[in-house]
Amino acid sequence: MKSRSADPALIVQMRNIEKRYGQVSALRGMNLDLYKGEAVGIVGDNGAGKSTLVKILCGAIQPTAGEIHLDGKPVNFSSPHEARLSGIEIVYQDLAVIGHLTITQNVFLGREETKRVLGLRLLDSRKMDGIARKLIAGLDPVLENRTRVSVDSLSGGQKQSVAVARAMAFGPKVMILDEPTAALSVEKIERMLTLIRTLKESGLAVILISHRLQDIMTVCDRVVVMKSGALVRDLNVGTTDIDEIVKLMVSGGEMGAMPKASATAWSDHPTTPPAA
943 MKSRSADPAL IVQMRNIEKR YGQVSALRGM NLDLYKGEAV GIVGDNGAGK
993 STLVKILCGA IQPTAGEIHL DGKPVNFSSP HEARLSGIEI VYQDLAVIGH
1043 LTITQNVFLG REETKRVLGL RLLDSRKMDG IARKLIAGLD PVLENRTRVS
1093 VDSLSGGQKQ SVAVARAMAF GPKVMILDEP TAALSVEKIE RMLTLIRTLK
1143 ESGLAVILIS HRLQDIMTVC DRVVVMKSGA LVRDLNVGTT DIDEIVKLMV
1193 SGGEMGAMPK ASATAWSDHP TTPPAA
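Following this note's numbering, the numbering of the sequence shown begins with 943 at its first residue and continues without gaps.
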């Protein structure tokens, strides 16, 4: 069998990931593959390990055991900054935007563009504002000409657009969205789902963590069901439904009787990459 690690569409492989806090196991041998142009929904009850898994991928938490490969090469992120430099971005549910700063300042926070003037390195405000306008226009056209207003003056959905624009500003390979539609109106939810489709079409791998299973069934290609820190099932959205997913979330799919995905062979994962 051809090794998936040689597949150019495969961006991320997480294998046998464990995270222990003393005697408590937050993750138990978790496996996950991410492909270019694919959205993967991760679901499970509170405590299933969803947030722990993505925080490990984005460098906020270090695993107790396991391996992560990015573009076929082993990586070990010691901080979110390292993961971000490698192209992995996350938009948390609390957004983490700075209210008293402008949209442009939030988009470039910690990664400001500079220019040299008479030998001095100064902020390139015009360049940053131009980039911010283009990014925000694709997310919320109403904000295109408001990039110099403070984020405190924006609605919740608009603040979310700012957080997503910040994540997109530096050409990520992987975009992780944590409950992006939880507090949005129906109109804003549709806009977010359209954005996810756009991210997929641009070649990004997208992780969507959501309790709204209808959103996952609408925009995702696969759904990964977790329970008690372990993988229950990795399903193709086209061959499952919400009823089956809910049953797996509740029962764990009789996890003890299920074969564990291989932790020794990088080629032994049951998912299929998206069509080219």
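C-beta: ideal position from N, C-alpha, C; glycine also.
{"Item": "Counting Cβ pairs, one atom from each stretch, are 3 or more of them under 8 Å apart for the stretch 954–965 and the stretch 1005–1017?", "Value": "yes"}
{"Item": "Going by DSSP, what residue range makes up the alpha helix (DSSP H) through His1023?", "Value": "1022–1027"}
{"Item": "So, does the stretch 1106–1125 touch the stretch 1013–1032, judging by three or more C-beta pairs under 8 Å?", "Value": "yes"}
{"Item": "Give a yes or no on whether the C-beta atoms belonging to Met1168 and Lys992 are separated by under 8 Å.", "Value": "yes"}
{"Item": "Checking the sheet assignment: what are the DSSP bridge partners for Arg1164?", "Value": "Val982, Asn1178"}
{"Item": "DSSP three-state call for Lys1115: helix, strand or coil?", "Value": "coil"}
{"Item": "Mind checking Lys1057: buried by the 16 CB within 10 Å criterion, or exposed?", "Value": "exposed"}
{"Item": "Leaving out five residues on either side along the sequence, give the residues of the same chain with a beta carbon under 6 Å from the beta carbon of Pro950.", "Value": "none"}
{"Item": "Roughly how many angstroms lie between the CA atoms of Ile1014 and Leu952, to the nearest whole one?", "Value": "The sequence given here places Gly at residue 1014; Ile does not occur at that position. Answer to the nearest angstrom: the Cα atoms are 8 Å apart."}
{"Item": "Apart from the five residues on each side of it in sequence, which residues of its chain come closer than 6 Å, Cβ to Cβ, to Arg1154?", "Value": "Thr1123"}
{"Item": "What does DSSP give as the partner residue(s) for Ala1147 in the beta ladder?", "Value": "Val1116"}
{"Item": "Buried or exposed: Ala1199, going by 16 or more other Cβ atoms within 10 Å of its Cβ?", "Value": "Confidence at Ala1199 is low in this model, with a pLDDT of 37, below 50, so its placement is unreliable and no value can be given for it."}
{"Item": "Measuring straight from C-alpha to C-alpha, what distance separates Val1165 and Met1134?", "Value": "18 Å"}
{"Item": "Tell me which residue opens and which closes the alpha helix (DSSP H) that Gln1108 is part of.", "Value": "The sequence given here has Arg at residue 1108, not Gln. 1098–1110 is the span of the alpha helix (DSSP H), which, as asked, contains Arg1108."}
{"Item": "Using three-state DSSP, classify Ala1079 as helix, strand or coil.", "Value": "helix"}
{"Item": "State the DSSP-derived secondary structure class of Gly971, mapped to helix, strand or coil.", "Value": "strand"}
{"Item": "Which class does Gly1072 belong to by DSSP, given the choice of helix, strand or coil?", "Value": "helix"}
{"Item": "Just mark Phe1112 as buried or exposed, buried being the case when its beta carbon has 16 or more other beta carbons within 10 Å.", "Value": "exposed"}
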